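**Q**
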Amino acid sequence: MTVPSRSVRRPVRAAHLGLGAFHRAHQAWFTQLAGDGSGIAAFTGRSAEAARVLAAQDAVYTLLERGPEGDSATLIESLSEVHDGADLDAWRRVLADPEVGVLTLTVTEAGYRPGSSAPARVLDGLRARRAAGAGGIAVISCDNLPDNGRVIRDAVLALVEPGSDLEGWIRTEVSFVSSMVDRITPATTDADRDAVLRLTGWDDAAPVVTEPFAEWVLAGAFPAGRPAWEAAGAQFVDDIAPYERRKLWLLNAGHSLLAYHGLAAGHQTVAEAVADPALAAELERLWEEQRTELPFDAATVDEALAALRARFGNARIEHRLAQIGTDGSQKLGPRILDPLRSRLASGRAPGDAQLGVLAAWAGHLVGPDVRDPGAAALVERLREATAPRERAAAVLESLAALSPDKPDLTDLTDPLAERIAARQQGAHA
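Note that this note's numbering numbers the sequence shown so that position 416 is 419, with each residue one more than the last.
1) Specify the secondary structure class of residue 444 as computed by DSSP and reduced to three states.
2) Check whether the Cβ atoms of residue 328 and residue 263 sit closer than 9 angstroms, and answer yes or no.
3) Taking all protein chains shown into account, decide if residue 334 is buried (16 or more other Cβ within 10 angstroms of its Cβ) or exposed.
4) Runs of 3 residues minimum, wholly inside the segment 203 to 281: which ones carry the beta strand (DSSP E) assignment?
5) On a Cα-Cα basis, can you pick out the residue from 30, 111 and 199 that is closest to residue 73?
6) Closest to residue 176 by CA distance: which of 227, 150, 92 and 221 is it?
7) Give the DSSP bridge partners of residue 64, in chain order.
8) In terms of DSSP beta bridges, what is residue 74 paired with?
9) Can you tell me where the beta strand (DSSP E) with residue 108 in it begins and where it stops?
10) Evaluate residue 409 with the Cβ neighbour count: other Cβ atoms within 10 Å of its Cβ, from every protein chain shown; 16 or more gives buried, anything less gives exposed.
11) Which residue comes first and which comes last in the beta strand (DSSP E) that contains residue 127?
12) Mark residue 5 as exposed unless 16 or more other C-beta atoms lie within 10 angstroms of its C-beta, in which case mark it buried.
13) Going by DSSP, what residue range makes up the alpha helix (DSSP H) through residue 417?
14) How many angstroms separate the CA atom of residue 244 from the CA atom of residue 217?
15) Residue 400 to residue 201, Cα distance in whole Å?
16) Report the option in 68, 158, 107 and 167 whose CA atom is closest to the CA atom of residue 133.
17) Is residue 69 closer than 9 angstroms to residue 191 when the C-beta atoms are compared?
18) Among 239, 39, 349 and 89, which one has its Cα closest to the Cα of residue 54?
19) Measuring alpha carbon to alpha carbon, tell me which residue in 79, 345, 22 and 76 is nearest residue 51.
20) If you run the structure through DSSP and keep just helix, strand and coil, what is residue 173?
21) Just to check my reading of the structure: residue 384 and residue 397 have Cβ atoms closer than 8 angstroms, yes? What is that Cβ distance to the nearest angstrom?
22) Which residue from 298, 354 and 316 puts its Cα closest to that of residue 292?
23) Tell me, please, which residues DSSP counts as bridged to residue 179.
24) Any idea if residue 42 is buried or exposed, counting beta-carbon neighbours within 10 angstroms, 16 or more meaning buried?
25) What residues in its chain sit with their C-beta under 8 angstroms from that of residue 195, if we drop five residues either side in the sequence?
26) What are the uninterrupted segments assigned as alpha helix (DSSP H) that are 4 or more residues long and contained completely in the segment 377 to 417, given in chain order?
27) For the candidate residues 98, 387 and 25, whose alpha-carbon lies nearest to that of residue 136?
28) Alpha carbon to alpha carbon, how far is residue 375 from residue 395?
29) Rounded to the nearest angstrom, what separates residue 357 and residue 179 at their Cα positions?
30) Buried or exposed for residue 84, please, with buried defined as at least 16 other CB atoms from any protein chain shown within 10 angstroms of its CB.
31) Buried or exposed for residue 8, please, with buried defined as at least 16 other CB atoms from any protein chain shown within 10 angstroms of its CB.
32) Considering only residues of the same chain and omitting the five flanking positions on each side of residue 123, which have a CB-CB separation below 7 angstroms?
33) Leaving out the 5 sequence neighbours to the left and right, which residues in its chain are closer than 7 angstroms to residue 71 when beta-carbon positions are compared?
34) Using DSSP with H/G/I as helix, E/B as strand and the rest coil, what is residue 102?
35) Taking only the alpha-carbon atoms, compute the straight-line gap between residue 147 and residue 24 and give it to the nearest angstrom.
36) Residue 327 by DSSP, collapsed to three states: which one?
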């Protein structure tokens, strides 16, 4: 079957940086379902490959929602343009268009490190917009960092000359919107592409597989308008922090626990890991430790956990533990360390399951398949220091160094050493 023909080429109302599977399962899906005809000009991040593949099929693709009972396929047409992120002329043209009211970003936690290109790319686009007199714009971060709008704002302003006209324009005309995003989107496999072909009759080279669940919560101003994402279920709130913590401390923390414990137990996917009774019990312990720190009533947390149990147990979504376990040095601070510190500040003991995630991560870092450039120095220390207390101290020092406030975590050394020793002795899964 040839590439399906578009119903219409949508006018570009949004720009996006980071043309990966998650964007196409989330923001592009919300934009399509908004129903107002908005289109997106999307740019790749590190590699141009996604733009090349999508351009060959007119930037349309299949979104395969894989539920426990079966699959459903939707043709997504909200990408009006796809570009190599290195095409600066196209980037500046799109950002200088006054009809473009928002710039969304899907940047990983590592993308905000000093020297990363995302803040510089955003600044380049804002500079072009100001030069064109195109007016304000909303920059929307779509990642797992708390207060991510402030994070990208600070990263962009750090690159601007203090007191310059450009700095003044950014501070007064550009809003940086924080958002909480949630939709499990595993990497697409050849088997997934075959499933799309059987279901639709189209040999789609760029389908995206995702779960039926999707959530988007946003907080901030939109000086140049936005797509009607609320029509697709997006929520607009005054304070996003509670929603961020709920996701980070329940879903994302649960994923990290299953990744590091599960890989050590020989499991490959979230569904496999959560089907292991020992890991399921450890996950429930973690959730009990984390939920006390959330600003929601018990019924709301119970509802969220019930949804997570169903989502994690959906064996038809092959969410790979190796993918989740990547870049733990950037992820475990907001997912595990922050709620652990909250417990301590509230006079509660550190959670045993919380410490267990850190212990499992320490074991992972001395294993054969580590994908965490930010932990390179820690890996060397852990390989040299085999005693549990030395390893605990190294882990805590590394996490403290990566935390914005550089906390003193030495009081956790002994309890973490106990969990590390227990793992080394095979006492925990």
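Positions of the beta carbon are idealized from the N, C-alpha and C atoms, including for glycine.
Note that the structure is a prediction, hence the values are computed from the model and not measured.
**A** Reading from the atomic positions:
1) There is no way to answer for residue 444, as the model of the chain reaches only from 4 to 432.
2) A contact, by the Cβ cut-off of 9 angstroms.
3) buried
4) 211 to 213 and 218 to 222
5) 199
6) 227
7) When DSSP reads this structure, residue 64 sits in a beta bridge with 79.
8) 69
9) Taken as a continuous stretch (DSSP letters only), the beta strand (DSSP E) holding residue 108 covers 105 to 108.
10) exposed
11) Careful: residue 127 lies outside any beta strand (DSSP E), inside the alpha helix (DSSP H) at 121 to 135.
12) That one is exposed.
13) Element bounds for residue 417: 416 to 427.
14) 18 angstroms
15) If you take the alpha carbons of residue 400 and residue 201, they lie about 52 angstroms apart.
16) 167
17) Taking 9 angstroms as the Cβ cut-off, residue 191 and residue 69 do not qualify as a contacting pair.
18) 89
19) 22
20) helix
21) 4 angstroms
22) 354
23) Listed as beta-bridge partners of residue 179 by DSSP are 142.
24) buried
25) Correct list, in chain order: 67, 210 and 212.
26) 379 to 387 and 391 to 405
27) It is 98.
28) 18 angstroms
29) 32 angstroms
30) Residue 84 is buried by the Cβ-count criterion.
31) exposed
32) 162
33) Leaving aside the five residues that flank residue 71 on each side, the residues in its chain whose CB is nearer than 7 angstroms to its CB run, in chain order, 317 and 319.
34) Three-state DSSP puts residue 102 in coil, outside helix and strand.
35) 16 angstroms
36) The answer is helix: DSSP assigns residue 327 an H, G or I state.
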